[in-house]
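Peer 1: Residue numbers (the working numbering): 1 to 310.
Once you've had a glance at the structure underneath, I'll fire off some questions.
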Amino acid sequence: MSTIVAGIGASHSTLMNTHWDEVAEDPGALRFRAGLEAARDVLAEARPDTVIIIGSNHFRGMFLDLMPAFTVGVGEVIGAGEADTPKGRLPADTALARTLVETISEDFDPAFSLRMQVDHGITHSYQHLVPGLDVPIVPVVVNMFAPPLPSLRRCDALGAAIGRAVRQDGQDKRVAVIASGGLSHRLPWPKWYRALSDDDRFLVEAWLEGRDSWQEYEVRRRQIIRAAESDINPDFDARFLAALEKGDLSEFLGLSADDVDRVAGNGAQEIRAWVAMAAAVGPAEGVTHAYAAVPQWLTGMAVASIRPLT
């Protein structure tokens, strides 16, 4: 029987990769980077055979022509390679991935992909947390940005189903679960059905037409991101991390997508990954390795780990 040995939650930002020089002496950015190193040590000590990474896709693999709520990569996993993130084929645990799909299908109707292209919603954590472990991954992509979104309660149930599937797996593997994304931040992105400005219309076009040409939209997409003003809610982030440390995120499960957007920004929809990760691990206690509001990255950057109690 396989076991879940650790859970990690980590924010991501491509600006960390491409514009580190702008924050090289910023205490918050340095604190976050040190937190990633601490979380990497937790993973190494847990000795996983496989890492499940739950994260988002920023319209570089999933597009508006078809947007599932939940997708599991069961075959090739290919990094898009944007913003100095890993590009090309990544090591994948297809056996565990297919077990997950078959098992959680009793309670869910997950989509699957035999050739999943993932962007920094998966690869940033792979890049900064997994190197040196020499382990394959199972990517689970959650729709975070194209409403209607799966509810937080539904993501909690998904995580619990993933946890049950791992524990029913007969391969006797040690499995870690990483949640990638969040915490509070606001991206300069419209809802796809409410594109009011020229930039809005450009982004919606990129999200719809980019399946075979997403790279052609990258320059202007980056310009739009770089021009945005930060909108971070450290109080929300502190409450979320405190709840994670206590092993009880129930107070957040009733929040609607509009609630999250209003309080913590549209980028905070990525807490769905953290909720699913915590539910997969089950009863646990946690520690926050780092938190910093980093306006240069638009984001409340957090790194935390949880360990199962049993």
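Every residue gets a Cβ at the ideal spot worked out from N, C-alpha and C, and that includes glycine.
Since the model is a prediction, treat every value here as computed from it, not as a measurement.
Determine contact between the stretch 225-238 and the stretch 80-97, defined as no fewer than three beta-carbon pairs at a distance below 8 Å.
Peer 2: Result no; under three Cβ-Cβ pairs closer than 8 Å.
Peer 1: Report yes if the C-beta distance between V281 and A290 is below 8 Å; otherwise report no.
Peer 2: No; because the gap between Cβ atoms is not below 8 Å, this pair is not in contact.
Peer 1: Skipping 5 residues on each side, what residues in its chain have a beta carbon closer than 6 Å to that of I78?
Peer 2: Only R89 and Q117 meet the Cβ criterion.
Peer 1: Only counting runs of 3 or more residues, tell me where the beta strand (DSSP E) segments fall wholly within the stretch 51-118, in order along the chain.
Peer 2: Whole beta strand (DSSP E) segments, 3+ residues: 70-80, 87-90 and 111-118.
Peer 1: Beta-carbon within less than 6 Å of L96's beta-carbon, same chain only, minus the 5 sequence neighbours each way: which residues are those?
Peer 2: Closer than 6 Å at Cβ, skipping near neighbours: T50 and V138.
Peer 1: Applying the criterion that 16 or more other CB atoms from any shown protein chain within 10 Å of the CB defines a buried residue, is Q215 buried or exposed?
Peer 2: With fewer than 16 other Cβ atoms within 10 Å, it is exposed.
Peer 1: Looking at the structure shown, is H289 part of a helix, part of a strand, or coil, going by DSSP?
Peer 2: Here H289 sits in strand by DSSP.
Peer 1: In terms of residue numbering, what span does the alpha helix (DSSP H) encompassing T299 cover?
Peer 2: T299 -> not in any alpha helix (DSSP H); beta strand (DSSP E) instead, spanning T299 to P308.
Peer 1: Please check the pair I232 and T299, which I expect to be a contact at CB under 8 Å, by giving their CB distance rounded to whole angstroms.
Peer 2: That pair is a contact at about 7 Å.
Peer 1: Put A284 into one of helix, strand or coil per three-state DSSP.
Peer 2: If DSSP states are grouped into helix, strand and coil, A284 belongs with the strands.
Peer 1: Check each candidate in A268, G163 and P234 and name the one with the smallest Cα separation from A284.
Peer 2: Comparing Cα positions, the closest option is G163.
Peer 1: Are the C-beta of P136 and some C-beta of chain C separated by less than 8 Å?
Peer 2: Looking for chain C here will not work: only one protein chain is present.
Peer 1: On a Cα-Cα basis, can you pick out the residue from D259, T103, A10 and A279 that is closest to L43?
Peer 2: The option with the nearest alpha carbon to L43 is A10.
Peer 1: Determine whether the beta carbon atoms of V175 and T3 lie at a separation below 8 Å.
Peer 2: Yes. Within cutoff.
Peer 1: Considering only the alpha carbon of each residue, which of T18, L253 and V130 lies closest to A83?
Peer 2: Of T18, L253 and V130, the residue nearest in Cα terms is T18.
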